[in-house]
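Going left to right, the sequence shown walks through residues 1 to 325 as UniProt numbering numbers them.
Each residue gets a CB set at the ideal place from its N, CA and C atoms; glycine is no exception.
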Amino acid sequence: MYAITITEPGGPEALVWSEVPDPELREGEVLVDVAASAVNRADLLQRQGFYDPQPGTSPYPGLECSGTVAEVGPGVTGWAVGDEVCALLSGGGYAERVAVPAGQLLPVPAGVDLVTAAGLPEVVATVWSNVFMVAHLRPGETLLVHGGSSGIGTMAIQLAKAVGATVAVTAGSAAKLARCAELGADITINHREQDFVEELRGATDGRGADVILDIIGAKYLERNIEALAVNGRLAIIGLMGGAKGELNLGALLRKRGAITATTLRARPLAEKAAIIAAVREHVWPLVDSGRVVPVVDRLLPMAEAAEAHRALETGDHIGKVLLSR
């Protein structure tokens, strides 16, 4: 088969469409003929040599895909050759074929085409596990999403609105904020021109956010605590603004706040399967009905993965960048 390989850590030019061995199907896995994959910031880190795959997993980038079941491995039930699926991966989505643990498969939702479905698994699993399974966002509460126009952000807006929450977002342009508003964001903040703590307090009568979904990390740590409501929960899922920050524990105590930080890729198979099962139960009906939709910025051929990485690095996208076979 062919896959995107990384010749050596570096820029987008390190991504090369190369002939590689077919994946070996193990017990409990399903072989998927890939229709499309999607670009995530973790892929950029892997390309740069900062986020290696877990031992025993595919060395190729790509943390999600869509496609058709080509073969069912030993011990797998509930899936058959020819099923159209999308999948959460530990790697290997930028390829013609990938072996997937059966617990990480989802059916393609009604009304979503096979290629577009590639942009769903990673963002939906990330948002649902962090905002709902860990931070327990409830109806009537306020969610603040940093990077509201990203793939994660556009999904978080929709899911939070679907459960009856108020949504605030930060983004860096009027166009991005306008798209967030179209998706349901109630409070839009241009982080280049406005202070998100002051704007959020002003819009919530000084209360702040019950849950904050943060992709920035250290740079926003102190101000995120300021922005929390009493009993607020900060969920950190990215480190775009650095990994080391100073935390005023007194401020956190006064808020009776909680901080969690998670990654998805390195979780044990059982944890990933539990997240996917929760997504199928709670989120897939919303996607099936059209209340929640995948937001796609652009679609590029998989062999042009380097251009897709450049697009993500420029930051001018809204939603997901997809790669199709």
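{"Query": "DSSP three-state assignment for VAL115, whether helix, strand or coil", "Result": "coil"}
{"Query": "Closest by C-alpha distance to ALA118, when choosing among HIS136, MET302, GLU64", "Result": "GLU64"}
{"Query": "Whole-Å CB distance - VAL100 paired with LEU89, under 8 Å assumed", "Result": "6 Å"}
{"Query": "First and last residue of the uninterrupted alpha helix (DSSP H) at ARG41", "Result": "41-47"}
{"Query": "Reduced DSSP secondary structure (H/G/I, E/B, other) of residue 357", "Result": "Because the chain is modelled from 1 through 325, residue 357 falls outside the range shown and cannot be assessed."}
{"Query": "Unbroken alpha helix (DSSP H) run spanning GLY153, endpoints", "Result": "151-162"}
{"Query": "Separation of ILE187 from GLY73, as counted between CA atoms", "Result": "48 Å"}
{"Query": "Cβ pair ALA156, ARG291 closer than 8 Å", "Result": "no"}
{"Query": "Cβ neighbours of ARG179 in the same chain (closer than 7 Å, five flanking residues each side left out)", "Result": "SER149, ILE318"}
{"Query": "Inter-residue spacing [alpha-carbon to alpha-carbon] between ARG223 and ASP52", "Result": "31 Å"}
{"Query": "Coil, strand or helix - TYR2 by DSSP", "Result": "strand"}
{"Query": "Cβ shell of ASP297 (< 7 Å), same chain only, five flanking positions each side left out", "Result": "HIS317, ILE318, GLY319, LYS320, VAL321"}
{"Query": "CA nearest to the CA of THR68, picked from GLY56, VAL115, LEU183, GLN54", "Result": "VAL115"}
{"Query": "Closest residue to ALA105 among TRP79, GLU304, GLY93, LEU200 (Cα-Cα distance)", "Result": "In the sequence on display, residue 105 carries Leu and not Ala. The option with the nearest alpha carbon to LEU105 is TRP79."}
{"Query": "Between the CA atoms of ILE275 and TRP128 - distance to the nearest angstrom", "Result": "8 Å"}
{"Query": "Where TRP17 falls: helix, strand or coil (DSSP)", "Result": "strand"}
{"Query": "Pair within 8 Å by beta-carbon distance, ILE212 and ALA235", "Result": "yes"}
{"Query": "Candidates ALA87, VAL39, PRO139: closest to MET302 by CA position", "Result": "VAL39"}
{"Query": "Cβ-based burial, LYS272 [other Cβ within 10 Å; buried from 16]", "Result": "buried"}
{"Query": "Under the three-state DSSP convention, the category residue 327 falls into", "Result": "Nothing can be reported for residue 327: it is not among the residues displayed for the chain, which extend from 1 to 325."}
{"Query": "Within the region 188-261, ranges of the beta strand (DSSP E) (whole runs, at least 3 residues)", "Result": "209-214, 228-236, 258-261"}
{"Query": "Bridge partner(s) assigned by DSSP for LEU106", "Result": "CYS86"}
{"Query": "Three-way DSSP call (helix, strand, coil) for HIS317 in this model", "Result": "coil"}
{"Query": "GLU64 (DSSP reduced to helix, strand or coil)", "Result": "strand"}
{"Query": "Same chain, Cβ closer than 6 Å to ILE189, five either side skipped, listed in chain order", "Result": "THR170, PHE196, GLU199"}
{"Query": "Cβ-based neighbour list, LEU45, same chain, cut-off 6 Å, excluding 5 preceding and 5 following", "Result": "TYR51"}
{"Query": "Helix, strand or coil at VAL69 [DSSP, three-state]", "Result": "strand"}
{"Query": "Whole-angstrom distance between SER58 and residue 327, CA atom to CA atom", "Result": "Any answer about residue 327 is impossible in this case: the structure gives the chain only from 1 up to 325."}
{"Query": "Beta-carbon proximity of VAL295 to THR126, cut-off 8 Å", "Result": "no"}
{"Query": "Per-residue burial, HIS146 [other beta carbons within 10 Å of its own, 16 or more giving buried]", "Result": "buried"}
{"Query": "For THR126, three-class secondary structure by DSSP", "Result": "helix"}
{"Query": "GLU7 versus SER37, TYR60, ARG41, residue with shortest Cα-Cα distance", "Result": "Note that residue 7 is Thr in the sequence shown here, rather than Glu. Checking every option, the nearest Cα to that of THR7 belongs to TYR60."}
{"Query": "Any chain D beta carbon closer than 8 Å to ALA160", "Result": "Within the model displayed, chain D is absent; a lone protein chain is all it includes."}
{"Query": "Status (buried if at least 16 other CB within 10 Å, exposed otherwise) for THR260", "Result": "exposed"}
{"Query": "Contacting residues, own chain, Cβ-Cβ under 8 Å from GLU29 (five flanking each side not counted)", "Result": "GLY73, VAL76, ALA99, VAL100, PRO101, ALA102"}
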